[in-house]
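Report on the following structure.
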Amino acid sequence: MKIIEIENLRKDFSTSFGKKKLTALNDVTLSVEQGTIFGLLGQNGAGKTTLIKVLLGIVYPTSGSCKMFEEDFTNIHLKKRIGFLPENHKFPNYMTGKEVLTFFGKLSGLENLYLAKRIDEMLDLVQMTKWSKSKIKTYSKGMMQRLGLAQAMLNNPDLLFLDEPTDGVDPIGRKEIRNVLLALKEGGKTIFLNSHLLSEVELITDRVAVLHKGKIIREGNVLELTKKKEEYKIVVDADLDIILNNDIKEKYALQKVSSSVYLFHVDEERPVNDFVDHLRSKGVSIKEMAQEKNSLEDVFISLVQAEEKRS
Amino acid sequence: MKNIWLMTLYTMRESISKKVFIAFSIFVLLMLVGVFFAASLGLGETLKQNPLGFDKMMILFKMGTANFVLSFGFLLSIFACASFIPSLLEKGTIDLFLSKPISRAQLLFGKYLGGLLIFFVHIFVLICGIWLIAGIKYGHWDLSFFPLLLSSLFYFAILNGVLLLFGVLTKSSGISMMLAYLLMFVSPLLANRQQIFLFLQGKETLKAIVDGFYYALPKLHEIQNIPKMLALHEGTIEPQILISSALFLMIVLYAGFYLFEKNDY
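In order, the protein sequence lines correspond to chains A and B.
If you read the first sequence in our numbering, its first letter stands for residue 1, the second for the next number, and so on.
If you read the second sequence in our numbering, its first letter stands for residue 1001, the second for the next number, and so on.
Quick look at the structure:
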């Protein structure tokens, strides 16, 4: 089931008393499946936050259509099934952490008994129980982020929008947040993630889309995007420089990485199986073989640079 | 309804966190203590000896005291309430609120009511306090004092409406506050525009402009005088005072809600 369906979404902002138009989103079409973690990547000002704000009714679209839970996104009751952690969120600094959760929980329509139970669970989950009675003004950035996450998950949402959720959180805290998100995904929840930390996005997302100047320039499965389709790494117990003849070495563009590690290239005319068969026929024992991967960061940078050159 | 009440309570809590409302509360309590002491020190005897008569003097005393405190109360309340809307519209705050299952109209109305409620609590304590002291000390239980509660609330509802509109429009508590103060100070001048006309002999256009402002803007000065006129049976109350002021309030609120509904945040 598609939890989010966006078609040809456009958002123009007027500036200078309506004289200039700034296109924040340009013909955006994407969908997010239930029970997945979707990552939206982009530089600052690419339109990531605007896209989330449109879906939440904070910003109105200029044109296009959006559906969430197969219903029109403007239906206010859908928000009972949604959690949101905005970037640089501000809670009333005169309240305690627990009071903030109580207030926003009530605003989400939660009943008192369930809310009290849920608040304790969430505070425990984000490890904020100890500070739940302290005023917000005494919180660090990381604590604010943890509380924000607790607030977003309070209503046990089916769809969670997180805008830079690990911003200001230390590495251990980031790992804990990642684990929480993966557990939510296991429970069938859908997570829409905006983040600059591509290494983290790569660790937890199923699909990503790259937004550049308001346009989706690439969308796909994280594994598909990051794998180097034509390059394999192989670990063997022999010196292939000696065993293989020059024709084979040239055909597969064999490169020696270390004494037993090699890289080779394949394509339709040079299938991977043929190379393996050849090695086996020569009595080479293969210890390990894997397709080489790019990091998501490499993919992102090359996509953005290519788009910059094109425009 | 539940959401509006939640926002109202939230706004009250926000106002309590601001020192200015605590100052208003202390001021009201100090004034009540002052009235109590004045009553204990034989104020009643002085009033009884006045040729205007005890009843009239009591009404004037109660109205005068309440209006004196209220004039500060309006200033302090504007100062405190001016930040309610701009603080809601801050980045990082408005996103949180609008992501919840609450409509924009409920959100704004709750904020507006919160300001009114906190003001009402103060004037209720003030007016009931003065009324009780006068009743207990002198047996003066005249109910004609109570319309002041309604007129003051209407007065502040208009000012709070101005704060709402300009808060949404400019996101600046400073600008909203200045405009509310301006309205408050211009009102007595416009109410006494006949005096201004003496300086505008032969300048009919300017007179028409002043008249235009008088009819377009709310009649705050006159509204505040209504309870006194009713209590003392002085003069007649022109319906246009209430109608034009109510119309102004409706227009201001409608414009504020409309803009809030249409804006991107």
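Glycine included, every Cβ here is placed at the ideal spot set by N, Cα and C.
These figures come from a predicted structure and were not determined experimentally.
Reduced DSSP secondary structure (H/G/I, E/B, other) of residue i
i	result
Gln-34 (chain A)	coil
Val-210 (chain A)	strand
Val-284 (chain A)	coil
Asn-75 (chain A)	coil
Thr-23 (chain A)	strand
Leu-296 (chain A)	helix
Lys-233 (chain A)	strand
Gln-1268 (chain B)	Residue numbering for chain B in the displayed model covers 1001 to 1265; residue 1268 (chain B) lies beyond these limits and cannot be assessed.
Gln-255 (chain A)	strand
Thr-1065 (chain B)	helix
Gly-1235 (chain B)	coil
Gln-127 (chain A)	coil
Ser-140 (chain A)	coil
Leu-244 (chain A)	coil
Glu-70 (chain A)	coil
Thr-102 (chain A)	helix
Phe-13 (chain A)	strand
Asn-273 (chain A)	helix
Asp-267 (chain A)	strand
Lys-249 (chain A)	helix
Ala-1082 (chain B)	coil
Asn-112 (chain A)	helix
C-alpha distance - residue i paired with residue j, whole-angstrom precision
i	j	result
Leu-1132 (chain B)	Leu-1165 (chain B)	37 Å
Lys-339 (chain A)	Thr-96 (chain A)	Residue 339 (chain A) is absent from the model: chain A starts at 1 and stops at 311.
Trp-1141 (chain B)	Gly-1135 (chain B)	5 Å
Gly-1129 (chain B)	Leu-1032 (chain B)	6 Å
Ser-295 (chain A)	Gly-148 (chain A)	29 Å
Ala-1105 (chain B)	Leu-1159 (chain B)	19 Å
Pro-1086 (chain B)	Glu-224 (chain A)	46 Å
Lys-133 (chain A)	Lys-98 (chain A)	6 Å
Ser-1103 (chain B)	Pro-1218 (chain B)	29 Å
Gly-1115 (chain B)	Phe-1084 (chain B)	8 Å
Gln-127 (chain A)	Val-1252 (chain B)	46 Å
Ile-1123 (chain B)	Thr-190 (chain A)	51 Å
Ser-1152 (chain B)	Lys-80 (chain A)	39 Å
Lys-233 (chain A)	Ser-259 (chain A)	13 Å
Ser-1176 (chain B)	Gly-57 (chain A)	26 Å
Gln-255 (chain A)	Gln-305 (chain A)	28 Å
Val-54 (chain A)	Gly-1092 (chain B)	15 Å
Glu-965 (chain B)	Arg-1193 (chain B)	Residue coverage of chain B in this structure runs from 1001 to 1265, which leaves residue 965 (chain B) outside it and unanswerable.
Ile-1127 (chain B)	Phe-1061 (chain B)	12 Å
Met-1 (chain A)	Met-68 (chain A)	11 Å
Glu-231 (chain A)	Glu-202 (chain A)	20 Å
Ile-1016 (chain B)	Met-1250 (chain B)	28 Å
Lys-1048 (chain B)	Gly-1042 (chain B)	10 Å
Pro-171 (chain A)	Leu-1088 (chain B)	32 Å
Leu-123 (chain A)	Ile-4 (chain A)	29 Å
Glu-70 (chain A)	Ile-1241 (chain B)	53 Å
Phe-1257 (chain B)	Phe-1197 (chain B)	37 Å
Leu-1148 (chain B)	Met-1229 (chain B)	11 Å
Asp-72 (chain A)	Leu-1259 (chain B)	23 Å
Thr-1170 (chain B)	Leu-1179 (chain B)	12 Å
Leu-113 (chain A)	Gly-1161 (chain B)	37 Å
For residue i: DSSP bridge partner residues
i	result
Gly-220 (chain A)	A:Val-208
Thr-96 (chain A)	A:Lys-135
Val-261 (chain A)	A:Val-235
Phe-192 (chain A)	A:Phe-38 and A:Phe-161
Lys-1018 (chain B)	In DSSP, Lys-1018 (chain B) forms no bridge with anything.
Lys-2 (chain A)	A:Glu-33
Val-1035 (chain B)	Its beta-bridge partners do not exist; DSSP assigns none.
Asp-1095 (chain B)	According to DSSP, which records beta bridges pairwise, Asp-1095 (chain B) is partnered with nothing at all.
Ala-290 (chain A)	A:Lys-233
Val-28 (chain A)	A:Leu-9
Leu-85 (chain A)	A:Leu-162
Gln-227 (chain A)	It should be noted that the sequence gives Lys, not Gln, for residue 227 (chain A). Beta-bridge pairing links Lys-227 (chain A) to A:Lys-293.
Lys-215 (chain A)	A:His-212
How do the region 1095-1110 of chain B and the region 1002-1016 of chain B stand: do at least 3 beta-carbon pairs fall below 8 Å, yes or no?
Yes, since at least three Cβ pairs between the region 1095-1110 of chain B and the region 1002-1016 of chain B fall closer than 8 Å, the two stretches touch.
The region 269-278 of chain A contacting the region 172-190 of chain A, beta-carbon criterion three pairs below 8 Å
As far as the Cβ criterion goes, the region 269-278 of chain A does not touch the region 172-190 of chain A, which means the pair count is below three.
Contained beta strand (DSSP E) runs [length at least 3] in the region 33-64 of chain A, N- to C-terminal order:
Taking 3 residues as the shortest admissible run, the region 33-64 of chain A contains the following complete beta strand (DSSP E) segments, listed from N- to C-terminal end: 37-42.
Tell me, please, whether the region 1197-1208 of chain B touches the region 1013-1032 of chain B by the rule of three or more beta-carbon pairs shorter than 8 Å.
Because the criterion of three Cβ pairs below 8 Å is not met, the region 1197-1208 of chain B and the region 1013-1032 of chain B do not touch.
Please determine if the region 279-299 of chain A and the region 1065-1080 of chain B are in contact, where contact requires at least 3 C-beta pairs separated by less than 8 Å.
No contact exists between the region 279-299 of chain A and the region 1065-1080 of chain B.
Taking 8 Å as the cut-off, does the region 40-55 of chain A touch the region 13-31 of chain A (at least 3 CB pairs, one atom from each stretch)?
A contact exists between the region 13-31 of chain A and the region 40-55 of chain A.
Length-filtered (4 minimum) alpha helix (DSSP H) runs lying within the region 1141-1225 of chain B
Counting whole runs of 4 or more residues, the region 1141-1225 of chain B contains the alpha helix (DSSP H) stretches 1147-1170, 1173-1191, 1193-1197 and 1204-1216.
Quick check: the region 297-311 of chain A against the region 200-216 of chain A, are at least 3 beta-carbon pairs closer than 8 Å?
Result yes; three or more Cβ-Cβ pairs closer than 8 Å.
For the pair the region 207-218 of chain A and the region 25-41 of chain A, tell me if three or more CB-CB distances fall below 8 Å.
Cβ pair count under 8 Å is three or more, so yes.
Residues in the region 1083-1108 of chain B having any Cβ partner in chain E nearer than 8 Å
Absent here is chain E; the protein component of the structure consists of chains A and B.
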